[in-house]
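Chemist: Once you've had a glance at the structure underneath, I'll fire off some questions.
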Amino acid sequence: MEVIAVTTVYLHANERTQTIHCSDGSQGVVQLAAPYYQFRFYSHQHPSFWLKQSQLQDGATVKVRDIQSTDDFQLKLI
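Sequential numbering of the sequence shown, starting at 81, is according to the working numbering.
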């Protein structure tokens, strides 16, 4: 499993369901299901993942491993 690049995920710093945009042009949605944030992507380009509320910080990095690949994400709060 090889990491190709870090994908930046842009999201608003609030506790609402919202569309997220990525640096590679892909999109998805983030939903709050306290105490977690669930990230899902519209295409199968990236795997879904979740974070604890305390982990959702500007600049935080997340490594997600699934059967096919390893993805690195960086969160950017706007």
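Built from N, CA and C at the ideal position, the CB exists for glycine as well.
(1) Restricting to Cα atoms, I'd like to know which of Ile147, Gly108, Gln118, Thr141 is closest to Val86.
(2) Please return the same chain residues whose Cβ sits closer than 7 Å to the Cβ of Pro115, not counting the five positions on each side in sequence.
(3) On the three-state DSSP scale, how would you describe Gln135?
(4) Where do the N-terminal and C-terminal ends of the beta strand (DSSP E) with His141 fall, by residue?
(5) Taking DSSP as the reference, what is the three-state secondary structure of Ile100?
(6) Compare the C-alpha of Cys102 against each of His126, Asn94, Gln111 and name the closest.
(7) So is Ile100 buried or exposed if we call it buried at 16+ other beta carbons inside 10 Å?
(8) Given Tyr117, which residues of its chain have a CB within under 6 Å of its CB, disregarding the five upstream and five downstream residues?
Modeler: Looking at the coordinates:
(1) Checking every option, the nearest Cα to that of Val86 belongs to Thr141.
(2) Only Lys132, Gln133 meet the Cβ criterion.
(3) helix
(4) The question names His, but residue 141 in the sequence shown is Thr. Segment 141 to 145, the beta strand (DSSP E) holding Thr141.
(5) strand
(6) His126
(7) buried
(8) Val110, Leu131, Leu136
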